[in-house]
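> Dropping the structure in here first, questions after.
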Amino acid sequence: LGLHRLKGLSTATAERLVEARSHAPFTSLPDFLRRTSPNQKERRLLAAAGALNGLPEVDHRRAGLWQVE
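Count the sequence shown with the working numbering and you get residues -18 to 50, in order.
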């Protein structure tokens, strides 16, 4: 799914995410959060959608949801 399909994700956050990823891959959840600055609702939304699953400390959605709380 593209980021535009995530209802509740702001255009600004989606643009920051794409921009940050174009410079370098995200190395960890803290790196992702620092470089993209999503608000708490957006963090939960991204985790629930599985968008964080490729990060080292996130191997599935449930772990992602736990990590962003």
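Beta carbons are placed, not taken as given, at the ideal position from N, Cα and C, and that holds for glycine. None of the values given here were measured: they were computed from a predicted structure.
If G(-11) and L26 are in contact, beta carbons under 8 Å, what's the gap, nearest whole angstrom?
Translated into positions along the sequence shown, residue -11 becomes position 8. Translated into positions along the sequence shown, residue 26 becomes position 45. The pair is a contact, with the Cβ atoms about 5 Å apart (cut-off 8 Å).
> Hey, how far is the Cα of H41 from the Cα of G31?
Reading the sequence shown from its first residue, position 60 is the one you call residue 41. Reading the sequence shown from its first residue, position 50 is the one you call residue 31. Rounded to the nearest angstrom, the two C-alpha atoms are 7 Å apart.
> Closer than 7 Å by C-beta to P37: which residues in its own chain qualify, once you throw out the five before and the five after it? Chain order, please.
The sequence position of residue 37 within the sequence shown is 56, counting from 1. Excluding positions up to five away in sequence, the list reads S9.
> Could you check the C-alpha separation between Q48 and R16 for me, to the nearest Å?
Counting from 1 along the sequence shown, the entry for residue 48 is found at position 67. Counting from 1 along the sequence shown, the entry for residue 16 is found at position 35. Cα-Cα distance, rounded: 17 Å.
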